[in-house]
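Protein chains in written order, with the working numbering: chain A, 3 to 371; chain B, 3 to 371; chain C, 20 to 437; chain D, 20 to 437.
Backbone N, C-alpha and C define an ideal beta-carbon position, used for all residues, glycine too.
For reference, the structure is listed below as structure tokens.
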Amino acid sequence: MQETFTEDQLQFREVVRKFLHDKSPMSAVRQLQETESGYDAEVWRSLGQDLGLPGTHLPEAYGGLGYGPIELGIILEEMGRTLYGGPFLSSAVLAGYATSLFAEEASRQVLIPDISSGILRVALVLDSLSCPELVGKTLTVDAADRLTGRAEIVIDALSADELHVIADSPNGLGLYRVSPSAEEVTLYARESIDLTRKLSSVLFDHAPVERLGQVDAGGLQRFWDLACVALSHEMIGGAGALLESTVEYTKIRVQFGRPIGSFQALKHRCADLLMALEFAKAATYQAAFSLAVDDNPGFVASMAKAMASDCFMETARAAIQLRGGLGFTWEDDTHLFFKRAKCDEVLLGLPHVHRERMIQQMEGNDRAA
Amino acid sequence: MQETFTEDQLQFREVVRKFLHDKSPMSAVRQLQETESGYDAEVWRSLGQDLGLPGTHLPEAYGGLGYGPIELGIILEEMGRTLYGGPFLSSAVLAGYATSLFAEEASRQVLIPDISSGILRVALVLDSLSCPELVGKTLTVDAADRLTGRAEIVIDALSADELHVIADSPNGLGLYRVSPSAEEVTLYARESIDLTRKLSSVLFDHAPVERLGQVDAGGLQRFWDLACVALSHEMIGGAGALLESTVEYTKIRVQFGRPIGSFQALKHRCADLLMALEFAKAATYQAAFSLAVDDNPGFVASMAKAMASDCFMETARAAIQLRGGLGFTWEDDTHLFFKRAKCDEVLLGLPHVHRERMIQQMEGNDRAA
Amino acid sequence: MIVQLNEIETAVNQFLDQAFSPDLSLIEWRQRLVAAGWAAPSWPEDCFGRGFTAEQTAVVDRVFKTRRIVGAAQVGPRRLAAETLLVHGSVDQKNRYLPSILTGEHSWCQLFSEPGSGSDLAGAATKAERSGDQWIVNGQKVWNTSAHHADFGILVARTDWDLPKHQGLSYFLIDMRQPGVEVRPLKQMNGHASFNEVFLTDAVVRQDDLVGGEGHGWAVATTTLSIERQGFARGRNPRATHSAPAQGRVYDEEAKELEIDNEPYTWYPQREGRPDLVFERARETGAISDAAVRQEMAKLVCLSEAAKISARFVAAHRKLGNGEVLPAGSIGKLGASVIARQAAQVHTMISGTDAMLSGSGSPMDGVIAETLISVPAISIAGGTDEIQRNIIAERVLGMPKEQRQDTGPFRDIPRNIS
Amino acid sequence: MIVQLNEIETAVNQFLDQAFSPDLSLIEWRQRLVAAGWAAPSWPEDCFGRGFTAEQTAVVDRVFKTRRIVGAAQVGPRRLAAETLLVHGSVDQKNRYLPSILTGEHSWCQLFSEPGSGSDLAGAATKAERSGDQWIVNGQKVWNTSAHHADFGILVARTDWDLPKHQGLSYFLIDMRQPGVEVRPLKQMNGHASFNEVFLTDAVVRQDDLVGGEGHGWAVATTTLSIERQGFARGRNPRATHSAPAQGRVYDEEAKELEIDNEPYTWYPQREGRPDLVFERARETGAISDAAVRQEMAKLVCLSEAAKISARFVAAHRKLGNGEVLPAGSIGKLGASVIARQAAQVHTMISGTDAMLSGSGSPMDGVIAETLISVPAISIAGGTDEIQRNIIAERVLGMPKEQRQDTGPFRDIPRNIS
């Protein structure tokens, strides 16, 4: 297992960071959050066709870059730092992983190249974003291959080229492809706390589907772990950027004749946040290293998700507090991170749910040993 | 229901405080913790025969003072402040409440006068100090009125004149009287973290008993609530004394050319502790006021126990930390409070157990409404 | 003088029988109230009141409430202005301003905070310069609730730059309806714009609108802040305690007034974390069956119940004339922050992924979402948690102050230039 | 020079084949080790070592471990003394002291803290006065592990009272076996007496036992403290990594040495909270079925696992020569405190009322009780949590320092007179 980042990975991070710095500044994020799609098509094109980022973690045989959770994590951490709002999490991470794990050979050959280049934007429709055990409880495909049911929260569905749906069926859980423009499909926008990530609800009323492949419980759990670790990277990226900007603010903001960063209570709070961040980063990187070699993945994925969630929220709370009234204004950027933190915290399972799972995994390992 | 302390109650507090200040200084506590009985017989005599404190909450008709949980709480809060180590909690509170709630008329007439005057020191033997639901699961009286079983932790049993035991029997749960010198009774001292409160284990092997009365589930719960609220007073007393001494220490201890109490991190920690103390006191006093009129007793008792436990432990941790190395020495008094806090925290149920009970009570009230 | 509680009840009822009619205009009715001394009976007798104790006042309030009578205007910063004037105002100022505050004819705003002086309120750099019998004011204020419709403002401005910071401030009453005052709404992270920025450009204040004398502004402001903090601590939103569902002109006009006055405060319950909704939500969603959620719920209940009990104890002490035996304002305010934060986390646990949603169709039609993005305000507004902890440590516990770095002439103290 | 890893392995094995015998006395054997440069291969070549990298040193360690060979003496403050001398010692000092540290002939103690200078180590008021080619030392030290059997001490004392506090300190090596040095054991709240108080009354130090020059004591002490902190951060108890179960005189003598050297540290695992015992205890007691306990257990596992991973990352970075990219020592030390506190609370929840008991018959025969009353030490010893947070904020995050109130001549700085 990797012990630290390789030279190549460090360089890769620089490339991604520079790209996002140039192409996704906070001014663009603010502008795009007011749009329906939430992203800039040209930046997405460049990110996909010039850099191939959406295929980073997808198999080379199908046109991905053939890297793994570590490199994907690097991208997401950098995206988290800048609150990049394009359909990367939805199409590349969620749908990309689902396709490569569940779709059959023929479909993979068709879909992965286009997902990798970003030409195809897929929204993955799950009827639960809380835990894998609830997936497929409300979306069902009947014997005539018609999909019915409702997914309350779907990321980036309104701007997607197609919908991939995990649904139950007479043949068990499967991954299905649905056209968002089918008349049996109703999509409507949902207002989200986090305006930089677009949500919608999707209703299917006997919508025609194409079955892409079988979804078994183990595979679904593997999918969930990979998604959690990817999301954890986004969160530590956000927390890291926010802690840096907050510390900088305390150095320049003067009250009572001194920079507020010289007040011990603020120093100690920032020190605690740094420790929480270092620990959350350690857990998240370790999770990526472990998932890359399949070592104890459920435990480390849940640990990363729990720690990164708590760290990001705690940092976001402090980032507003330490800015005082300014941090509560719309004009300041801090609230954008706060809202992302709140949504990431609940997405794919709350910290306490993942903590419970950690203990279950420890019990499992213990029984196995 | 009372809204605040009456003038009489405030005066009563002063009397108790002065008595303990004079008769139970920290030097005496330190000396007595090295003895087997853990208390000073002369102080106990005076406290019982001169002031009648052990009978404060016991019915006047049987020689008690006829007050209630409020006045008893005042005594325990003051005892908590000085870590008074005599058999007050064991004999007056636990055995006193058990006798007055469960013993039959004839036994009450015999026992309560002597418990109230302190002439009789009773240790109440319970086979669980964690929760009332477990009481009577291991101690049983057979049809021939013989008691068998083991109580792992009993307070002040080695110095008690007699043992009162709650045990199961063919006639249901009952309160029994046993002589500690009976040959079927084995008592041995247990080492406690808190040397100011003496613990022992008690084994019964077909020991002859005298049945004092019936114990029903509701009564046992009432007993537990009363005991929890009494103990909560002891804890807020300890926390209050400790916070005061800690704040005083930060005012005189100089490091870096300034009193350490001028460092903002220490100030803020003390401010948080004061808030926790005010809240724990509010909960505890309210619990006493409520129990005095039987208003929602389970909910408020559990709330008091949970809050007072957390407050005392948190204050004790801070009290050592803010004294630095000195706080970790045997010579300094802080550790005596820390150890009391740790033992009080688990005695009669941990905070999380009481929190769970609070929600159960809310569900119950809600269903009842 | 009427002092017995039953006499008071009789007197109020007699007055109301004679004077009240639902067909009066709101102002007319309140003018009668003021004239008769029933608008603010706890105020001194020489200030439109009757010098009543809290207990006596409660009798009056009860009668008003029972009979659904419209009382004096209360909502918003006008209460801060009025109570400050009661302490520090001149007789002339009281006579000029208090009646129209009680009748609601004039609304007020507070002009204290500045972009460069938030926690450090005494660092205000808005300049007031004497010019004949006027003061000319220049500077920028921020976080000014209701400034956009206020008639007057309570203003802290610097009148001497060579004195130490606390000594160079003066406290003014400023007419907001003048060309030198520009008010711009300030949008917050929760989408509301309850506050404003106020730009003062050669704004004019009359010499006799200086409160407490030149250079005594900090002492006067401290009174206002302490009144404000007590409001926070009691969890009292500046909302009317009785809305008036009854029929008649006076009720209609009061409803309109309340709608305007309350508008900035619609999200205030949410910034307190809505602990009141937790139990119901937990049952509805089934989250109450999750032991981890129950623990966090119970921690919340502990805090919020204890805060209420603690406030009751303080009130009971005060009633007994025992004075402020228990430390009150700042502990209550700090407690409100802790409660709000815990409540937001519990609501998050209860809502699960639905916590991402806001607006219609989201949990409780957006109330939960608004709560999650409003709680950060409670630990900032009215003095940050950090300031409250300093106050508790220094004033209640008597811990030593830090050496100040902002002594000496104000003009030499480092500050952010906005 | 041997540098390739496989060459190193061969060379060590050759040396051991020739030189090692279990029948040697411990000192004889280690003298051979020192002479051959294998006692401390990471030390410089001119200081009894071979200038090996961490990777190279690991090869040597592995061979020793595999073959169960007794290595150099490590335990206790002697390591702090040795590593400090490597940086700041004169050639003469290194030659005089390092060999007997490696052989274990001499043991050491640290004489830094004083009753009046705990967190504020630079506030030391123990006085050293020059008298010919000697220094006469008077004062009191405290928290001196192993002082009761130490041959030498590293001592910080004040040599100039007119300079600012950091500039008036000097760093000495003091012979503990002299009449002017009195050592008294200091009992802690957990009943152990691992530390001592040391009273210095006209104790004598040779001029050539001054380290780093007069007035440079703080710089030298900082090196010692940083070495100490790293030990904490790595969770490394100063225990031997391999005990020696093999037969022979050298093993017997090492076992005796370890028993003495480790004696003060028997409770050190307990002050770290024993997170390693939590899972086992939770299963044994059945507490693992309590959802609230599981949450707290998981929080503990998160912290303790992340701390381990984080330490591994730092080590991996260092190995790659990437320098200290991640902030290390103080974060690790602060983390250790948080972990210990959480572990103690989890153990309390798991043990229930049995947490009251200690000694034999109590949970894990007293280990849990000792844990509960030992964890308060972890956040104090080796620099309090507060000091670590200051270091992290100022040195890692670059936040501005507070204005100092202890500048100017030391004699004028307020302090507690002990």
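Legend entry - Inside the region 355-405 of chain D only - alpha helix (DSSP H) runs reaching at least 4 residues: Complete alpha helix (DSSP H) runs here, min 4: 386-391.
Inset, instruction - Answer yes if the region 417-432 of chain C comes into contact with the region 251-269 of chain B, meaning at least three C-beta pairs across the two stretches below 8 Å, and no otherwise. - result: Because the criterion of three Cβ pairs below 8 Å is met, the region 251-269 of chain B and the region 417-432 of chain C touch.
Inset, instruction - Measuring only between beta-carbons, confirm whether B/Gln323 sits less than 7 Å from chain A. - result: Not one chain A Cβ lies under 7 Å of B/Gln323.
Legend entry - Paired residues, beta bridge with B/Ile76 - DSSP: For B/Ile76, which the question treats as bridged, DSSP gives no partner whatsoever.
Legend entry - Interfacial residues, the region 308-329 of chain C to chain B, with Cβ spacing under 8 Å: The region 308-329 of chain C vs chain B, Cβ under 8 Å: Ala310, Arg313, Gln314, Met316, Ala317, Lys318, Val320, Cys321, Leu322, Glu324, Ala325, Ala326, Ile328, Ser329.
Inset, instruction - Give me whichever residues DSSP pairs with D/Arg331 in a beta bridge. - result: Paired residues: none, contrary to the question.
Legend entry - DSSP three-state assignment for D/Tyr190, whether helix, strand or coil: D/Tyr190: strand per DSSP, three-state reduction.
Legend entry - Cβ pair count under 8 Å reaching 3, the region 141-150 of chain C against the region 172-180 of chain C: Cβ pair count under 8 Å is three or more, so yes.
Inset, instruction - State buried or exposed for A/Pro27, treating a residue as buried only when at least 16 other CB atoms are found within 10 Å of its CB. - result: Burial call: exposed.
Inset, instruction - Note down, in chain order, all residues in the region 251-273 of chain A with a beta-carbon under 7 Å from any beta-carbon belonging to chain D. - result: Residues Thr252, Lys253, Pro261, Gly263, Ser264, Gln266, Lys269, His270, Cys272, Ala273.
Inset, instruction - Determine the burial state of D/Ile436: buried for a count of at least 16 other Cβ atoms within 10 Å of its Cβ, exposed for fewer. - result: It counts as exposed.
Inset, instruction - Tell me, please, which residues DSSP counts as bridged to D/Ile155. - result: According to DSSP, D/Ile155 bridges with D/Glu148, D/Val223.
Legend entry - Residue closest to D/Val200, alpha-carbon to alpha-carbon, out of D/Gly231, D/Val161, D/Gly236, D/Ser189: Cα-wise, what sits closest to D/Val200 is D/Val161.
Legend entry - Among C/Ser329, C/Gln289, C/Ala362, the one whose alpha carbon lies nearest that of C/Lys318: That would be C/Ala362, whose Cα lies nearest to the Cα of C/Lys318.
Inset, instruction - Specify, as a first and last residue, the run of the alpha helix (DSSP H) that B/Tyr389 falls within. - result: This structure cannot settle anything about residue 389 of chain B, because the visible part of chain B is limited to 3 through 371.
Inset, instruction - Give the secondary structure of B/Ile195 by DSSP, where H, G and I count as helix, E and B as strand, and everything else as coil. - result: Taken through DSSP and simplified to helix, strand or coil, B/Ile195 comes out as coil.
Legend entry - A/His356: first and last residue of the uninterrupted alpha helix (DSSP H) it sits in: Run containing A/His356: 353-370, per the alpha helix (DSSP H) assignment.
Legend entry - heavy atom of the ligand NAD below 6 Å from D/Gly348 C-beta: By its list of ligands, the structure shown contains no ligand whatsoever, and the ligand NAD lies outside what it can speak to.
Inset, instruction - State buried or exposed for A/Phe3, treating a residue as buried only when at least 16 other CB atoms are found within 10 Å of its CB. - result: The sequence given here places Met at residue 3 of chain A; Phe does not occur at that position. Around the beta carbon of A/Met3, fewer than 16 other beta carbons sit within 10 angstroms, so the residue counts as exposed.
Legend entry - Within chain A, the residues that D/Glu421 reaches when beta carbons sit closer than 9 Å: Residues of chain A whose Cβ lies closer than 9 Å to the Cβ of D/Glu421 are, in chain order, Arg260, Ser264, Phe265, Gln266, Lys269.
Legend entry - Closer than 7 Å to chain C by CB, D/Gln226: Not a single C-beta of chain C is nearer than 7 Å to the C-beta of D/Gln226.
Inset, instruction - Flag this pair as yes or no: are the beta carbons of C/Gly231 and C/His366 separated by less than 7 Å? - result: Not a contact, by the Cβ cut-off of 7 Å.
Legend entry - Under 8 Å from the C-beta of A/Glu358: neighbouring residues of chain C: Those are Ala311, listed as they occur along chain C.
Legend entry - C/Gln197 (DSSP reduced to helix, strand or coil): DSSP places C/Gln197 in coil when its eight states are reduced to three.
Legend entry - Bridge-paired residues (DSSP) for A/Ile262: BP columns for A/Ile262 are empty, so no partner.
Inset, instruction - Could you tell me the distance, in whole angstroms, from the CA atom of B/Cys272 to the CA atom of B/Gln111? - result: If you take the alpha carbons of B/Cys272 and B/Gln111, they lie about 49 Å apart.
Inset, instruction - Tell me whether A/His235 is buried or exposed, calling it buried when 16 or more other Cβ atoms sit within 10 Å of its Cβ. - result: Buried, by the Cβ-count rule.
Legend entry - Rounded straight-line distance, which links the Cα of D/Ala100 to that of D/Gln129: Spanning the two alpha carbons is a distance of roughly 8 Å.
Inset, instruction - Can you tell me which of D/Arg360, D/Ile350, D/Asp373, D/Gly380 puts its alpha carbon nearest to the alpha carbon of D/Ile406? - result: Checked all of D/Arg360, D/Ile350, D/Asp373, D/Gly380; the closest Cα to D/Ile406 is D/Ile350.
Legend entry - Pair within 7 Å by beta-carbon distance, A/Thr286 and A/His208: Their beta carbons are not under 7 Å apart, which means A/Thr286 does not touch A/His208 by this criterion.
Inset, instruction - At 4 residues or longer, and completely inside the region 104-158 of chain A: list those alpha helix (DSSP H) runs for me, N to C. - result: Runs found: 107-119.
Inset, instruction - Have a look at B/Asp52 and B/Glu44 and give me their C-alpha separation to the nearest angstrom. - result: In a straight line, the C-alpha of B/Asp52 is about 11 Å away from that of B/Glu44.
Inset, instruction - Give the interface partners of C/Arg300 over in chain A, defined as CB-CB distance under 8 Å, in chain order. - result: Within chain A, no residue has its beta carbon less than 8 Å from that of C/Arg300; the closest one is some 14 Å off.
Legend entry - Span separating the alpha-carbon of A/Leu74 from that of A/Asp335: Their backbone Cα atoms lie some 26 Å apart in a straight line.
Inset, instruction - Keeping to the same chain, check which residues put their C-beta closer than 7 Å to that of D/Ala263; ignore five residues upstream and five downstream. - result: Note that D/Ala263 scores a pLDDT of 49, beneath 50, so its modelled location is shaky and nothing firm can be said.
Inset, instruction - Put A/Ile168 into one of helix, strand or coil per three-state DSSP. - result: Collapsing the DSSP output to three states places A/Ile168 in a strand.
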